[in-house]
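Just so we're aligned: 238 in the numbering used here is position 233 of the sequence shown, and the numbers increase by one with no gaps anywhere.
In this text, a Cβ means the ideal position worked out from N, Cα and C, and glycines have one as well.
The structure appears right after this line, and notes come after that.
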Amino acid sequence: MNILENSSPVREDRLNFIEQLLDDGDLDQALFVSKQHLKRFPDDPEALLLRGHILVEAGNFEDALKNYIKAQELVPDWEDAALIHAGVLLDLGHLNESQAALSELVESHPDNAHVHHTLAIALEFSENQLGAHRHYQQAARLNPKHYSLPFRVSDEQIRHLASKIVIHLRSSQSASHEPVEVIVSEHPTLEIMDRNGRPLSPLTLGFGIQNAGEMSGTQIYLFKRNIERVCINLSEIKEQLAITLEHELTHLQLESTES
Numbered sequence: 006m007n008i009l010e011n012s013s014p015v016r017e018d019r020l021n022f023i024e025q026l027l028d029d030g031d032l033d034q035a036l037f038v039s040k041q042h043l044k045r046f047p048d049d050p051e052a053l054l055l056r057g058h059i060l061v062e063a064g065n066f067e068d069a070l071k072n073y074i075k076a077q078e079l080v081p082d083w084e085d086a087a088l089i090h091a092g093v094l095l096d097l098g099h100l101n102e103s104q105a106a107l108s109e110l111v112e113s114h115p116d117n118a119h120v121h122h123t124l125a126i127a128l129e130f131s132e133n134q135l136g137a138h139r140h141y142q143q144a145a146r147l148n149p150k151h152y153s154l155p156f157r158v159s160d161e162q163i164r165h166l167a168s169k170i171v172i173h174l175r176s177s178q179s180a181s182h183e184p185v186e187v188i189v190s191e192h193p194t195l196e197i198m199d200r201n202g203r204p205l206s207p208l209t210l211g212f213g214i215q216n217a218g219e220m221s222g223t224q225i226y227l228f229k230r231n232i233e234r235v236c237i238n239l240s241e242i243k244e245q246l247a248i249t250l251e252h253e254l255t256h257l258q259l260e261s262t263e264s
């Protein structure tokens with residue numbers, strides 16, 4: 006698909022260079038070069054999509070969304086741009102808009118496993134578990150190598166496993182041994198997201214809060230549906246819990262040290 010007519014070798018080389026900067030993790034330089042490129046080619050949808058990727062990596066989802074929207078407006082039938090746009094809407098918490106966009110994509114691209122999988126995630130957030138399960142199944146059927154059904158566990162199993170992991174992590178860390186309360190929730194709710202002091206995606210696996218004063222102690226929220234989605238068996242559940250809990254405890258310890 007020739008996205009941009011009269012594409013030149015100079016343009017292609019510049020896009021390849023920007024993509025290499027992104028792959029290397031040089032986000033500042035990638036942002037600078039992509040901005041300069043778009044001054045020369047303001048209606049280059051591939052460059053807009055690529056700049057959107059860079060902004061996502063930089064944590065600037067709102068500006069990324071603007072680039073994805075413009076790319077999709079320039080090439081309305083571009084499947085990749087439409088899917089990425091819908092995914093960013095989901096990551097930003099614009100659940101209704103994301104679900105509507107993904108539903109349209111499923112109709113126009115019924116054999117795209119990633120579309121089915123992403124729609125399943127959006128349906129889970131709207132508590133349509135039957136619809137979510139159906140699209141998880143369809144994604145797994147279309148591409149069993151990359152997609153599978155989420156591995157379901159109970160809240161009690163998550164709490165039990167998490168408590169054992171926290172005890173192990175605390176014994177191996179030089180952190181203060183304040184109480185750690187593990188709270189299991191299906192999804193990040195608006196109330197929970199408001200308690201967080203930093204941007205929180207609806208797709209996050211967990212996050213921690215350090216309470217002060219009379220409520221002194223640490224609370225770590227674990228979002229069961231999000232954890233289940235990235236695991237195919239109990240062993241992976243345990244591994245993902247360990248990674249998430251260690252990340253949150255380390256993050257809180259660093260915040261405490263800096264303050």
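{"Item": "Run of the alpha helix (DSSP H) containing Ile214, from where it starts to where it stops", "Value": "Segment 211-216 is the beta strand (DSSP E) holding Ile214; no alpha helix (DSSP H) there."}
{"Item": "Identity of the residues DSSP links to Gly222 by a beta bridge", "Value": "Asn216"}
{"Item": "Nearest neighbour of Asn231, chosen from Pro193, Phe46, Gln224, Ala247 [CA to CA]", "Value": "Pro193"}
{"Item": "C-alpha gap between Pro115 and Gly57, whole angstroms", "Value": "25 Å"}
{"Item": "Gly92 to Glu62 span [Cα, whole Å]", "Value": "14 Å"}
{"Item": "Exposure of His151, with buried meaning 16 or more beta-carbon neighbours within 10 Å", "Value": "exposed"}
{"Item": "Cα-Cα separation, Glu132 to Leu100", "Value": "12 Å"}
{"Item": "Pairwise C-alpha distance: Phe228 and Glu129", "Value": "13 Å"}
{"Item": "Given His252 as reference, the closest of Leu239, Val171, Leu107, Ser176 once Cα atoms are compared", "Value": "Val171"}
{"Item": "Residue(s) in a DSSP beta bridge with Phe130", "Value": "The partner list for Phe130 (beta bridge, DSSP) is empty, contrary to what the question assumes."}
{"Item": "Beta-carbon gap between Leu147 and His121 smaller than 8 Å", "Value": "yes"}
{"Item": "Run of the alpha helix (DSSP H) containing Ile170, from where it starts to where it stops", "Value": "160-177"}
{"Item": "Where Ser206 falls: helix, strand or coil (DSSP)", "Value": "coil"}
{"Item": "Cβ-Cβ separation, Gln134 to Glu186 (assumed contact under 8 Å), whole Å", "Value": "So it is not a contact: roughly 28 Å between Cβ atoms."}
{"Item": "Span of the alpha helix (DSSP H) around Ile74", "Value": "66-79"}
{"Item": "According to DSSP, residues forming a beta bridge with Ile188", "Value": "Tyr226"}
{"Item": "Inter-residue Cα distance where the pair is Ile8 and Ile214", "Value": "Residue placement at Ile8 is poorly supported in this model, since its pLDDT is 46, which falls under 50; the coordinates are not used for a value here."}
{"Item": "Cut-off 8 Å between Cβ atoms - residues of its own chain near Leu27, not counting five sequence neighbours on either side", "Value": "Ala35, Leu55, His58, Ile59, Glu62"}
{"Item": "Pick from Thr123, Gln41, Gly222 that is closest to Arg16, judged by C-alpha positions", "Value": "Gln41"}
{"Item": "Close Cβ partners of Gly136 (< 7 Å) along its chain, the five nearest in sequence each way excluded", "Value": "Leu128"}
{"Item": "Environment of Leu259 [buried if 16+ CB atoms lie within 10 Å]", "Value": "exposed"}
{"Item": "Asn11 to Gly30 span [Cα, whole Å]", "Value": "Low local confidence applies: a pLDDT of 45 at Asn11 is under 50, so the model's placement there is unreliable, with the coordinate-based value given in what follows. Rounded to whole angstroms, Asn11 to Gly30 spans 30 Å at the Cα level."}
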